[in-house]
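Asks: This note's numbering applies: residue 2 is where the sequence shown begins, and numbers increase by one.
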Amino acid sequence: SEFVPTTRKLALVERFASLGFSRVEATSYSNPKVIPQFADASDMLRALKRRDGVYYKATCANLKAVERAVTDLTAGFGVNEISLLVSATESHSQRNLKSSRADQWAKIAEMAGAAGNRFRLIGVISVAFGCPFEGAVDPGVVVDDVRRFRDLGVRHVALGDTTGHGTPRSIAALFRRVVAELPHVTPIAHLHDTRGTGLANCVAAFDAGVRHFDSSFGGVGGHPAQVKYGGGYTGNVCTEDLVAMFEGMGISTGLDLDRLVDTARFCEETLGRQLFGKVTRTGLGLAAETAHA
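(1) What does a CB cutoff of less than 6 Å around F17 pick up in its chain, not counting 5 residues either side in sequence?
(2) With C-beta atoms as the reference, is G210 less than 7 Å away from V238?
(3) Can you give, in chain order, each stretch of the beta strand (DSSP E) that sits fully within the stretch 70 to 123 and has at least 3 residues?
(4) Got a sec, what are the start and stop residues for the alpha helix (DSSP H) V280 sits in?
(5) Assign F4 to buried or exposed, taking buried as 16 or more other Cβ atoms, counted over all protein chains shown, within 10 Å of its Cβ.
(6) Quick one, which of G131, E91, N81 has its alpha-carbon nearest A116's?
(7) Within this structure, are the beta carbons of Y57 and A27 separated by less than 7 Å?
(8) Identify whether R148 lies in helix, strand or coil by the three-state DSSP scheme.
(9) Distance check for Y30 and R69, CA to CA, integer angstroms please.
(10) Quick one: is M250 buried, meaning 16 or more other Cβ sit within 10 Å of its Cβ, or exposed?
(11) Any chance you could list the beta strand (DSSP E) runs of at least 3 consecutive residues sitting entirely within the stretch 161 to 227, in chain order?
(12) In whole angstroms, give me the CA-to-CA distance for A110 and D145.
(13) Under the rule that 16 or more other beta-carbon atoms within 10 Å means buried, what is N97, buried or exposed?
(14) With P184 and V158 assumed to form a contact (beta carbons below 8 Å), what rounded beta-carbon distance in angstroms separates them?
(15) What residue range is occupied by the uninterrupted beta strand (DSSP E) comprising S29?
(16) If you draw a straight line from the C-alpha of V14 to the C-alpha of T163, how long is it?
(17) Give me the Cα-Cα distance between A226 and S92, rounded to the nearest whole angstrom.
(18) Taking 7 Å as the threshold (beta carbon to beta carbon), is R212 in contact with chain D?
(19) Under three-state DSSP, which class holds T254?
(20) Quick check: A48 and L85, are their CB atoms within less than 7 Å of each other?
(21) Put G136 into one of helix, strand or coil per three-state DSSP.
(22) Check whether the stretch 118 to 138 touches the stretch 166 to 181, taking contact to mean three or more Cβ pairs, one atom from each stretch, closer than 8 Å.
(23) Would you report the Cα separation of R266 and G284, rounded to the nearest angstrom?
(24) Can you list, in chain order, the residues of its chain whose CB lies under 6 Å from that of R177, leaving out five sequence neighbours each side?
(25) Report buried or exposed for E270, applying the criterion of at least 16 other Cβ atoms within 10 angstroms of its Cβ.
(26) Could you say which of F78, H191, V142 lies nearest to I123 if we only look at CA atoms?
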């Protein structure tokens, strides 16, 4: 994909925060040789205008990334939240993180130690609901991974349906188990719409007790690294569609709905193409639904 200018990234992140989101993924401390899009991570954070009460997150795939996050924070412009990544299967860990699961967990412990108490830590478990290389994933492995994050002091853990293998039934079952067995961990649903089940899976997660959801405007994103799967369609659940659905169900998101669709269109303008959001074309339709309730 084409490089998005730093000024445009700043405008996007600041706009997301102004809508009322309490968490915004600002950047990633990825190797710029592997993912050039994030080569400007520190420059962007240095210029970012922050809002009180908002967590600005950066993804950290290894110890060097955490050290970069610490350096920027010490300089006065870093993020206040970082995510640490593991895969629920050996095959995905080897391909995506270039590390065995055992070695990755050793690295995670080192990374958490390096982060100290400077950031809110988010644990991320990829392929928690199904793996493109191994198929079904043992839910017990995922629950154990959540427990290992907790034991490292991580209190927020995202379960990733990386390639959209999850169904409402499997999503609800695993999140219910996490909520029941690890009540002091805040679960986050990081779901993808690869097979068209994203919104239904979010409802299932909500019914299972989840109140935190990762999503992206226009359903963009997914998997920017070298690993390819899902036929190229790996996008996250679409923010504007997710918000419209929850609001239509009477579940308040606390977001500025008047500017939601405009922000989705701003994302399309930035990327120069039509994205996957449906309400961007149709409108939120909330008044009509309320009138017929």
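Ideal placement from N, C-alpha and C gives every residue a C-beta, glycine not left out. Please read all numbers here as calculations on a predicted model, not as lab measurements.
Replies: Looking at the atomic coordinates:
(1) Translated into positions along the sequence shown, residue 17 becomes position 16. These residues qualify, in order along the chain: V25.
(2) One-based indexing of the sequence shown puts residue 210 at position 209. One-based indexing of the sequence shown puts residue 238 at position 237. For G210 and V238, no; Cβs fall outside 7 Å.
(3) If one requires a minimum length of 3 residues, the beta strand (DSSP E) runs lying completely within the stretch 70 to 123 are 82 to 88, in chain order.
(4) In the sequence shown, counting from the first residue as 1, residue 280 sits at position 279. Per DSSP, V280 belongs to the alpha helix (DSSP H) from 280 to 283.
(5) Within the sequence shown, residue 4 is the residue found at index 3, counting from 1. By the neighbour-count rule (16 or more Cβ atoms within 10 Å), F4 is not buried but exposed.
(6) Here residue 116 refers to the residue found at position 115 of the sequence shown. Comparing Cα-Cα distances from A116 to each of G131, E91, N81, the minimum goes to N81.
(7) Your numbering for residue 57 matches position 56 in the sequence shown. Your numbering for residue 27 matches position 26 in the sequence shown. For Y57 and A27, yes; Cβs fall inside 7 Å.
(8) For the purposes of this step, residue 148 is taken as residue 147 along the sequence shown, with counting starting at 1. R148: helix per DSSP, three-state reduction.
(9) Working through the sequence shown from its first residue, we reach residue 69 at position 68. Working through the sequence shown from its first residue, we reach residue 30 at position 29. The alpha-carbon atoms of R69 and Y30 are separated by roughly 7 Å.
(10) Along the sequence shown, read from residue 1 onward, the residue named residue 250 stands at position 249. By the neighbour-count criterion, in which 16 or more other beta carbons inside 10 Å mark a residue as buried, M250 falls on the exposed side.
(11) For the stretch 161 to 227, whole beta strand (DSSP E) runs of length 3 or above, ordered along the chain, are 187 to 192, 213 to 215.
(12) As a working mapping, residue 110 is identified with position 109 in the sequence shown. As a working mapping, residue 145 is identified with position 144 in the sequence shown. Distance between the alpha carbons of A110 and D145 is about 15 Å.
(13) Sequence index remark: in the sequence shown, residue 97 carries index 96 (1-based). Counting Cβ neighbours within 10 Å, N97 comes out buried, since at least 16 surround it.
(14) By 1-based counting over the sequence shown, the position of residue 184 is 183. By 1-based counting over the sequence shown, the position of residue 158 is 157. Contact doesn't hold; Cβ gap of about 13 Å is too wide.
(15) As a first step, residue 29 must be located in the sequence shown, where it is residue number 28. First-last of the beta strand (DSSP E) with S29: 24 to 29.
(16) On the sequence shown, position 13 is the one that residue 14 refers to. On the sequence shown, position 162 is the one that residue 163 refers to. Taken atom to atom, the span from the alpha-carbon of V14 to that of T163 is near 23 Å.
(17) Here residue 226 is taken as the residue at index 225 of the sequence shown, counted from 1. Here residue 92 is taken as the residue at index 91 of the sequence shown, counted from 1. Summary for A226: the model assigns pLDDT 44, below 50, so the residue's position carries little reliability; its value from the coordinates is reported in the next sentence. Distance between the alpha carbons of A226 and S92 is about 15 Å.
(18) The displayed structure is made up of one protein chain only, and chain D is not part of it.
(19) The count along the sequence shown starts at 1 and reaches residue 254 at position 253. DSSP, reduced to helix, strand and coil, places T254 outside both helices and strands of the structure shown, so it counts as coil.
(20) Here the question's residue 48 lines up with position 47 in the sequence shown. Here the question's residue 85 lines up with position 84 in the sequence shown. Going by C-beta atoms, A48 is not nearer than 7 Å to L85.
(21) Translated into the one-based positions of the sequence shown, residue 136 becomes position 135. DSSP places G136 in strand when its eight states are reduced to three.
(22) Between the stretch 118 to 138 and the stretch 166 to 181 there are three or more inter-stretch CB-CB distances shorter than 8 Å, so the stretches are counted as touching.
(23) Start at 1 with the first residue of the sequence shown, and residue 266 comes out as number 265. Start at 1 with the first residue of the sequence shown, and residue 284 comes out as number 283. Looking at the two C-alpha atoms, the distance is approximately 11 Å.
(24) Your numbering for residue 177 matches position 176 in the sequence shown. Closer than 6 Å at Cβ, skipping near neighbours: A209.
(25) The residue given as residue 270 occupies position 269 in the sequence shown. It counts as exposed.
(26) Start at 1 with the first residue of the sequence shown, and residue 123 comes out as number 122. Nearest to I123 by alpha-carbon distance, out of F78, H191, V142, is H191.
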